[in-house]
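4 protein chains.
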Amino acid sequence: MTNPTKAKITRQDINDAAERLKNWGRWGPDDEIGTLNNITPQDIINAARLIRKGKAFSLALNFDNQGPQSGLWGNRFNPIHTMLATGVDAVAGRQESIGVRYADDIVTMPLQCGTQWDALGHIFFGEQMWNGYDARLVDSNGAHKNGIEKTKDKMIGRGVLLDIPRWKGIDSLDDGTGIGVDDLEQCAVAQQVEVRRGDFVIIRTGQMERCLRAGQWGGYAGGNAPGLRFETADWIRRTDIAAICCDTWGCEVRPNETTGESQPWHWIVIPMIGISMGEIFYVKDLAEDCAQDGVYEFFFCAPPLPITKAVGSPVNPIAIK
Amino acid sequence: MTNPTKAKITRQDINDAAERLKNWGRWGPDDEIGTLNNITPQDIINAARLIRKGKAFSLALNFDNQGPQSGLWGNRFNPIHTMLATGVDAVAGRQESIGVRYADDIVTMPLQCGTQWDALGHIFFGEQMWNGYDARLVDSNGAHKNGIEKTKDKMIGRGVLLDIPRWKGIDSLDDGTGIGVDDLEQCAVAQQVEVRRGDFVIIRTGQMERCLRAGQWGGYAGGNAPGLRFETADWIRRTDIAAICCDTWGCEVRPNETTGESQPWHWIVIPMIGISMGEIFYVKDLAEDCAQDGVYEFFFCAPPLPITKAVGSPVNPIAIK
Amino acid sequence: MTNPTKAKITRQDINDAAERLKNWGRWGPDDEIGTLNNITPQDIINAARLIRKGKAFSLALNFDNQGPQSGLWGNRFNPIHTMLATGVDAVAGRQESIGVRYADDIVTMPLQCGTQWDALGHIFFGEQMWNGYDARLVDSNGAHKNGIEKTKDKMIGRGVLLDIPRWKGIDSLDDGTGIGVDDLEQCAVAQQVEVRRGDFVIIRTGQMERCLRAGQWGGYAGGNAPGLRFETADWIRRTDIAAICCDTWGCEVRPNETTGESQPWHWIVIPMIGISMGEIFYVKDLAEDCAQDGVYEFFFCAPPLPITKAVGSPVNPIAIK
Amino acid sequence: MTNPTKAKITRQDINDAAERLKNWGRWGPDDEIGTLNNITPQDIINAARLIRKGKAFSLALNFDNQGPQSGLWGNRFNPIHTMLATGVDAVAGRQESIGVRYADDIVTMPLQCGTQWDALGHIFFGEQMWNGYDARLVDSNGAHKNGIEKTKDKMIGRGVLLDIPRWKGIDSLDDGTGIGVDDLEQCAVAQQVEVRRGDFVIIRTGQMERCLRAGQWGGYAGGNAPGLRFETADWIRRTDIAAICCDTWGCEVRPNETTGESQPWHWIVIPMIGISMGEIFYVKDLAEDCAQDGVYEFFFCAPPLPITKAVGSPVNPIAIK
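Protein chains in written order, with this note's numbering: chain E, 22 to 342; chain W, 22 to 342; chain C, 22 to 342; chain H, 22 to 342.
(1) Would you list, in sequence order, the uninterrupted beta strand (DSSP E) runs of no fewer than 3 residues that lie entirely inside the segment 163 to 228 of chain W?
(2) Residues in the segment 109 to 139 of chain C with C-beta within 8 Å of chain E's C-beta atoms, listed in sequence order?
(3) How many angstroms separate the CA atom of H:Gly108 from the CA atom of C:Val128?
(4) Kindly indicate which three-state DSSP category E:Gln313 falls into: helix, strand or coil?
(5) Measure the alpha-carbon distance for W:Gln228 versus W:Leu132 and round it to whole angstroms.
(6) For E:Pro25, collect the residues of the same chain with a Cβ closer than 8 Å to its Cβ; drop the 5 residues on either side in sequence, then sort them by chain order.
(7) I'd like to check one pair, E:Asn245 with E:Pro292: are the Cβ atoms closer than 8 Å?
(8) From the DSSP output, in three-state form, read off H:Trp138 for me.
(9) Would H:His102 and C:Ala331 qualify as a contact pair, given that the criterion is a beta-carbon distance under 8 Å?
(10) Alpha carbon to alpha carbon, what distance is there between H:Phe321 and C:Pro325?
(11) Alpha carbon to alpha carbon, how far is E:Cys134 from H:Asp64? Give it in angstroms, no decimals.
(12) Mind listing the chain W neighbours of C:Phe98? Cutoff is C-beta to C-beta under 8 Å, in chain order.
(13) Round the Cβ separation of W:Ala106 and W:Asp125 to the nearest angstrom and send it over; I've been treating them as touching at under 8 Å.
(14) Only counting runs of 4 or more residues, tell me where the alpha helix (DSSP H) segments fall wholly within the segment 235 to 297 of chain E, in order along the chain.
(15) Which residue marks the beginning of the beta strand (DSSP E) containing H:Pro20, and which one marks its end?
(16) Thinking E:Cys267 and E:Gly248 are a contact (beta carbons under 8 Å), I'd like their distance in whole angstroms, please.
(17) Kindly indicate if chain H contains any beta-carbon less than 8 Å away from that of W:Leu141.
(18) Output the boundary residues of the beta strand (DSSP E) element that contains E:Pro335.
(19) Can you tell me whether C:Val336 is buried or exposed, with buried defined as 16 or more other CB within 10 angstroms of its CB?
(20) Buried or exposed for E:Ala28, please, with buried defined as at least 16 other CB atoms from any protein chain shown within 10 angstroms of its CB.
(21) Using a Cβ-Cβ distance under 8 Å, would H:Leu105 count as near chain W?
(22) State the Cα-Cα distance for the pair W:Thr23 and W:Gly197, rounded to the nearest angstrom.
(23) Using a beta-carbon distance below 8 Å, is H:Thr280 in contact with chain C?
(24) Taking 7 Å as the cut-off, is the C-beta of H:Arg231 nearer than that to any heavy atom in the ligand COA?
(25) Report yes or no: do the segment 253 to 272 of chain H and the segment 51 to 67 of chain H share at least 3 C-beta pairs separated by less than 8 Å?
(26) Tell me whether H:Pro285 is buried or exposed, calling it buried when 16 or more other Cβ atoms sit within 10 Å of its Cβ.
(27) Under the rule that 16 or more other beta-carbon atoms within 10 Å means buried, what is E:Glu53, buried or exposed?
(28) Any contact of the segment 214 to 232 of chain W with the segment 180 to 187 of chain W, i.e. 3+ C-beta pairs under 8 Å?
(29) Taking any Cβ of chain C, which residues in the segment 152 to 172 of chain W have a Cβ under 7 Å from it, in chain order?
(30) Can you round the beta-carbon distance between E:Ala242 and E:Ser91 to whole angstroms, since I take them to be within the 8 Å contact cut?
(31) With a threshold of 16 other CB atoms inside 10 Å of the CB of E:Glu170, please say whether the residue is buried or exposed.
(32) Tell me the rounded alpha-carbon separation between W:Arg187 and E:Gln149.
(33) Within 8 Å (strictly less), CB to CB, does W:Asn86 reach chain C?
(34) Does any CB atom of chain C fall closer than 8 Å to the CB of H:Ser297?
(35) So, using beta-carbon positions, are E:Thr136 and E:Phe302 closer together than 8 Å?
(36) Tell me which residue opens and which closes the beta strand (DSSP E) that H:Glu318 is part of.
And the structure:
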């Protein structure tokens, strides 16, 4: 879990992984939801049995102008919330002609500015995206394939938390710390939870909590971060999990393990494996509860907003124990 | 269930109902979630047992420019979805300096333009809102009390569908048709489902499906509609349900039963009773499944986006059987 | 000026005109402002002498939700104006911590939803735009060439109004009525105004006023309209005017004179000739004044907002006599 | 021009100035444009004669995400420019069904985030605004009185530049430096320009150029700044100028001269005197030209976007010599 000392990931490594891990066609030529297909109705029934305390955890940061965006990445900004009608107006008599006193509001937000799902149309490999669709099917009118709305009733199943820093006995992983396959497997063993086909796996690095404690986001959104190493793409493919989520901006370790390419793990896991990715998850409360009762599995329900042709969606993920 | 022939609801009737049904202070002076307090952990555990088939239903309309808004109400408009980065750009080599090929996007939307939760700060009674808070606490900076973010981990429990037109043997209720207490109770008996404390009760009128079949929304968002009669406020208070949802724009019958005031039922149920309201729910698929298996209860999870100080939130409500 | 009965404009006609009228390179390989180069400092000095009455006319429609957009064209919508702070809040004491009472606001608007300039990056011919730049230089990050900000100090000079319906003795031209070169020339003669190199030529069709009188926009923004015939592209090239403006949505006659291609005149005049185009100009008051004093020339100042890399800009054009 | 050593401005001073300088009713009870009434047609004719070189200067900063907003003031942010259609899409064949290849775009921006006019509805005194209108007439639906659209054909006349740092022989005034009446008068004498009734007076402090040279805005938008002292309100009233503009965020010296109230000069000049204020003007090029030819007067045309009921407008002000 220390910074990798071995050779950097090369473009050839990326290409090899792409070929080795490719899931295209596995669920038919028309599939647009990828590894979410790994969830069976029985998995959902089984997951429901994990609701034993009746205790729900929201894994969302609130969406507001205190969010993590600081201009580091591609024109993203924090949510802008404005009012169309207010209680102050109502009391001042400015709504009398309407006959009911009310408030109303509006939001302008990048879909990936806060707690969020990446849709499968979010990342491309060469000229293609998930399941081999032409990347040009994501144009100025949106994602004509692999849009987030295709997953609207799919983000439900068994959730598993892998709390890496707690397992290591530390508050949070340092930026740049890579999490490898061994880390994932040993952490799961230590926390007595088995990762299974169809799971929503949530990785805690502690980075977000570190920022929240410090009262400043710094490079959280787009800068350096602890996160998954490139090799974990193989683990994702092998375990056949449904989705992978993290308390960081992009799940993947940064600085990246490459010399040139940016976000090499993304190149593989979204377009080639077809996995949905959850980012900027707030896991503090859930993690503390898991530590307390020793149960690292739970029912998970994180429905995206079905914004037509969108390549992501803000989400309020719910874990229930 | 025919159009009311008896006397219209007067301002005095509204005032009387406000006094009679007021829940203020019931959950302490600092409460901001109202009847969501009716849900106990055991209710959630019990609701989980309703997941027997592992089948999930999204109750959201997709969010896009084909949505129901047509300018009838208060400057609301349909979602505006634009791209910050596209696959076409990626393939054309316009992202080479970034090192990863990706798409990204943004939305501008009124929070109540589609499938949505009303927060308790959405409607006022006189100069106050839920739990007696000053209505002026909802100003241009948002709802300093009773914002939607307070409910972020609360919209979970047992769901019950009351399919009024199916019980009546018709496709949909006509606009202007009021649903009374007798209708709710008889429908529940006929559909062999009991409404209990802490439930999320979803009313189907068929209006949305009628519009979808016709291929035009007409006055759906702000015009006439079938819906709940004023008298059902008493039923809501008596049954102690957690939330009430509908497949219409505003749950309430329109034209309203009043001569002057607009949306009289809203005056009572949100600010006085403190109930969260779900609107523009898409219930067709769920209703067909309920009709088929005869089971009108289910696990319900509809987490709002915790947009800080917002008076509503778009939502993708999930029903699971 | 009747609907054309002769043969339709073919793709070959368009290609021929493109070659015949091409201005590429005329002002150097790095030019991004096209025919605005036709204006000399002396032209501006001369134009200033047309200010004889000290009377200014705004040629802008107000920007609000009553604007002409009705969803006919490419996701354009009317301006959305919302408040960040209000006087009602101020009086209610909601701003006391700030120390000054104020209102503030925000707009979301397509840049071409109302009275507007088209930038030279707005229309492409094949894979190129004005001056031969690759059309792909207009990507999701905007127009890296031919953006509106390049014209920020250029929209100043002599304005000329050609009031076609007044010359014809009618209120407005019918939709579909084409204005040809003869019309332009004869109207100028009749109105005793000479069109000169470097002019801002404003064409009145009366369509906007017809819509305003009717109280509904109908197909104004994207539907049928009176307007310039394809042949006028040659006139524009020959006269070396600086810009062409109109009281319609797109200057060009609609239905178009083609069988297949849309907006053939646009194909030529923007990318090949390099002329800036003003659209949705409100000319009623100016036209009435010109009719009254018989003077159809004036000082013209219509500065675009220099929105970096934008392909258009809302504008409040000013004519001064 | 050093930091004031005499007593601070008190609330009583503000109240006294309000009474002393009040222009309410001067142009009738229905007036909504204040001192813009000071401009006569003859003033415009005379101003036109100042166009002697045919040289135009744009006084606007470009509007983009490099703008000065940094979150210091009231939820303002820099412009967000996104594309609705692109040349990349066009070339990739994604627009073939449309028949014309084009780009289109959209902006979301606070109206006062960059170079801008304050409307008279922007600042309140007590419960009133310009001409005595109730401040509550600016509600969530905008400014029902004193909106920027009322000035749509008024921002035209004689412009005068007072280049304070150049007169002082320095690059820029330090933040906190107050400009007094003596400074204005002596600078005008030194620069051989007379300030007259109906003028648009533009003050240069050099602060913006200092930020541009440094490559960072720092506290430019909302922090400390050089600017006009409170006493200049009397000068504004006495000179009967039409408008006052500056190269700073708010014209007024900051830290303010008060102990409690914020922006005391604003309290007086906008709501009591009724003067339109231009802010964040880019005057570098104009100032250099004035220094070179010794002529500090020019024709000025700065039409606001007539956004209905807005309390400000972005603007591209044009000075012509």
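By construction, the Cβ of each residue, glycine as well, lies at the ideal position given by its N, Cα and C atoms.
Per the coordinate set shown:
(1) Within the segment 163 to 228 of chain W, the complete beta strand (DSSP E) runs of at least 3 residues are 177 to 184, 221 to 225.
(2) Answer in chain order: Val109, Asp110, Val112, Ala113, Arg115, Ile127, Thr129.
(3) By 1-based counting over the fourth sequence, the position of residue 108 of chain H is 87. By 1-based counting over the third sequence, the position of residue 128 of chain C is 107. Distance between the alpha carbons of H:Gly108 and C:Val128 is about 26 Å.
(4) Counting from 1 along the first sequence, the entry for residue 313 of chain E is found at position 292. Correct three-state label for E:Gln313: helix.
(5) Sequence index remark: in the second sequence, residue 228 of chain W carries index 207 (1-based). Sequence index remark: in the second sequence, residue 132 of chain W carries index 111 (1-based). When rounded, the distance between both Cα atoms is 21 Å.
(6) Mapped onto the first sequence, residue 25 of chain E falls at position 4. With a pLDDT of 49 at E:Pro25, under the threshold of 50, the predicted position of this residue should be treated as unreliable, and no value is reported.
(7) Position 271 of the first sequence, counting from 1, holds the residue named residue 292 of chain E. Position 224 of the first sequence, counting from 1, holds the residue named residue 245 of chain E. No, the Cβ-Cβ distance between E:Pro292 and E:Asn245 is not below 8 Å.
(8) As a working mapping, residue 138 of chain H is identified with position 117 in the fourth sequence. Correct three-state label for H:Trp138: strand.
(9) Translated into the one-based positions of the fourth sequence, residue 102 of chain H becomes position 81. Translated into the one-based positions of the third sequence, residue 331 of chain C becomes position 310. In this structure, H:His102 places its C-beta atom within 8 Å of the C-beta atom of C:Ala331.
(10) The sequence position of residue 325 of chain C within the third sequence is 304, counting from 1. The sequence position of residue 321 of chain H within the fourth sequence is 300, counting from 1. Taking the CA atoms as reference points, C:Pro325 sits about 15 Å from H:Phe321.
(11) Here residue 64 of chain H refers to the residue found at position 43 when the fourth sequence is read from its first residue. Here residue 134 of chain E refers to the residue found at position 113 when the first sequence is read from its first residue. Whole-angstrom Cα-Cα distance: 52 Å.
(12) Along the third sequence, one-based indexing puts residue 98 of chain C at 77. Within 8 Å Cβ-Cβ: Phe98, Ile101.
(13) For the purposes of this step, residue 106 of chain W is identified with residue 85 of the second sequence, where counting begins at 1. For the purposes of this step, residue 125 of chain W is identified with residue 104 of the second sequence, where counting begins at 1. Contact holds; Cβ gap of about 4 Å.
(14) As far as the segment 235 to 297 of chain E is concerned, its whole alpha helix (DSSP H) runs of at least 4 residues are 253 to 260, 285 to 289.
(15) Residue coverage of chain H in this structure runs from 22 to 342, which leaves residue 20 of chain H outside it and unanswerable.
(16) Walking along the first sequence from the start, residue 267 of chain E turns up at place 246. Walking along the first sequence from the start, residue 248 of chain E turns up at place 227. Their Cβ separation, rounded to whole angstroms, is 7 Å, which keeps E:Cys267 and E:Gly248 in contact under 8 Å.
(17) To locate residue 141 of chain W, count along the second sequence from 1; it is residue 120. So, not an interface residue.
(18) Walking along the first sequence from the start, residue 335 of chain E turns up at place 314. Note, E:Pro335: beta strand (DSSP E), 333 to 335.
(19) Mapped onto the third sequence, residue 336 of chain C falls at position 315. Answer is buried; the Cβ neighbour count reaches 16.
(20) As a working note, residue 28 of chain E is residue 7 in the first sequence. Exposed, since its Cβ has fewer than 16 Cβ neighbours within 10 Å.
(21) Sequence index remark: in the fourth sequence, residue 105 of chain H carries index 84 (1-based). Output row for H:Leu105: interface = yes.
(22) If you number the second sequence from 1, residue 23 of chain W lands on position 2. If you number the second sequence from 1, residue 197 of chain W lands on position 176. No answer about W:Thr23 holds up, because its pLDDT of 49 lies below 50 and its placement is not dependable.
(23) Taking the first residue of the fourth sequence as 1, we reach residue 280 of chain H at position 259. Answer no: the Cβ-Cβ gap between H:Thr280 and chain C never drops below 8 Å.
(24) In the structure shown, the ligand COA is absent, as is every other ligand, since no ligand is present at all.
(25) The segment 253 to 272 of chain H makes contact with the segment 51 to 67 of chain H; the number of CB pairs closer than 8 Å reaches 3 or more.
(26) In the fourth sequence, residue 285 of chain H corresponds to position 264, counting from 1. Buried: at least 16 other Cβ atoms inside 10 Å.
(27) Along the first sequence, read from residue 1 onward, the residue named residue 53 of chain E stands at position 32. So E:Glu53 ends up on the buried side.
(28) Judged by pairs of C-beta atoms under 8 Å, the segment 214 to 232 of chain W touches the segment 180 to 187 of chain W, as three or more such pairs exist.
(29) Within the segment 152 to 172 of chain W, the qualifying residues are Arg157, Asp160, Ser161.
(30) Here residue 242 of chain E is taken as the residue at index 221 of the first sequence, counted from 1. Here residue 91 of chain E is taken as the residue at index 70 of the first sequence, counted from 1. In this structure E:Ala242 touches E:Ser91 by the C-beta definition: roughly 6 Å separates them, less than 8 Å.
(31) Within the first sequence, the letter at position 149 stands for residue 170 of chain E. Residue burial annotation: E:Glu170 is buried, with at least 16 other C-beta atoms found within 10 angstroms of its C-beta.
(32) Taking the first residue of the second sequence as 1, we reach residue 187 of chain W at position 166. Taking the first residue of the first sequence as 1, we reach residue 149 of chain E at position 128. Each residue's Cα considered, the two are about 46 Å apart.
(33) Your numbering for residue 86 of chain W matches position 65 in the second sequence. At least one chain C Cβ lies under 8 Å of W:Asn86.
(34) Here residue 297 of chain H is taken as the residue at index 276 of the fourth sequence, counted from 1. For H:Ser297, the nearest beta carbon of chain C is not closer than 8 Å to its own beta carbon.
(35) Translated into positions along the first sequence, residue 136 of chain E becomes position 115. Translated into positions along the first sequence, residue 302 of chain E becomes position 281. It is a contact, given that the beta carbons lie within the stated cut-off.
(36) Here the question's residue 318 of chain H lines up with position 297 in the fourth sequence. For H:Glu318, the enclosing beta strand (DSSP E) starts and ends at 318 to 322.
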